[in-house]
Amino acid sequence: MPPEALAAATARRHELTRAKAIQALRELDRAGAPVTFASVAATAGISRSWLYTQPDLRGQIQELRAAAAPPGPAPPARQRASDPSLRARLTVALDRNRQLAEENTRLRQLARALGDQLSARLQSGNDQPR
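Residue numbers (numbering that gives the first Met the number 0): 0 to 129.
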């Protein structure tokens with residue numbers, strides 16, 4: 000598939016996913032149902048992780064969730080995470096994010112190389128599968 004067609008297909012998929020998410024947000028809000036990342040993702044049939052990558056949708060979900068949530072009392076001190084515990088969890092999360100970013104980079108390079116190989120085979124007329 001030519002890179003231009005791949006980019007166009009990716010853009011169409013992104014817009015379709017956004018439209019599904021926006022429609023789900025509206026439906027949940029109109030119905031008075033809880034608006035959470037999980038409920039929007041389930042209603043739209045999309046992934047929660049994708050929602051978190053969309054700043055405008057993430058903001059809308061957080062606003063609707065905050066508006067619906069009654070303020071509650073703070074948990075007792077013994078149930079709250081300590082600062083060292085939070086720092087340790089943050090360090091682990093940052094390390095994992097770094098690992099995933101490196102893996103994504105490697106996968107993108109591999110995808111690019113495989114696409115180049117396929118393009119070269121198709122251009123040479125050798126489009127028979129091995």
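C-beta atoms are modelled at their ideal positions from N, C-alpha and C, and glycine is treated no differently.
Contacts around residue i, its chain only, beta-carbon distance under 7 Å, and the 5 residues preceding and following it disregarded
i: A32; result: S38
i: L89; result: none
i: S46; result: A40
Where residue i falls, given that 16 or more other Cβ within 10 Å makes a residue buried
i: L5; result: exposed
i: Q59; result: buried
i: L117; result: exposed
i: V91; result: exposed
i: L109; result: exposed
i: A23; result: buried
i: A7; result: exposed
i: A10; result: exposed
i: A112; result: exposed
i: A40; result: buried
i: A20; result: buried
Residue from the options with nearest C-alpha to residue i
i: G44; options: A92, D82, L15 and V91; result: L15
i: E26; options: T42, R12 and H13; result: T42
i: A18; options: Q53, S84, L85 and A73; result: Q53
i: A67; options: R79, A80, D28 and R47; result: D28
i: E3; options: N96, G114, P72 and L63; result: G114
Cut-off 8 Å between Cβ atoms - residues of its own chain near residue i, not counting five sequence neighbours on either side
i: A30; result: none
i: Y51; result: F36 and R57
Original post:
Where are the alpha helix (DSSP H) runs, 4 residues long or more, that stay fully inside the segment 38 to 72, in chain order?
Top reply: 47 to 51 and 54 to 67
**OP:** Counting only runs of 4+ residues fully inside the segment 75 to 127, write out the alpha helix (DSSP H) ranges in chain order.
**Re:** 82 to 122
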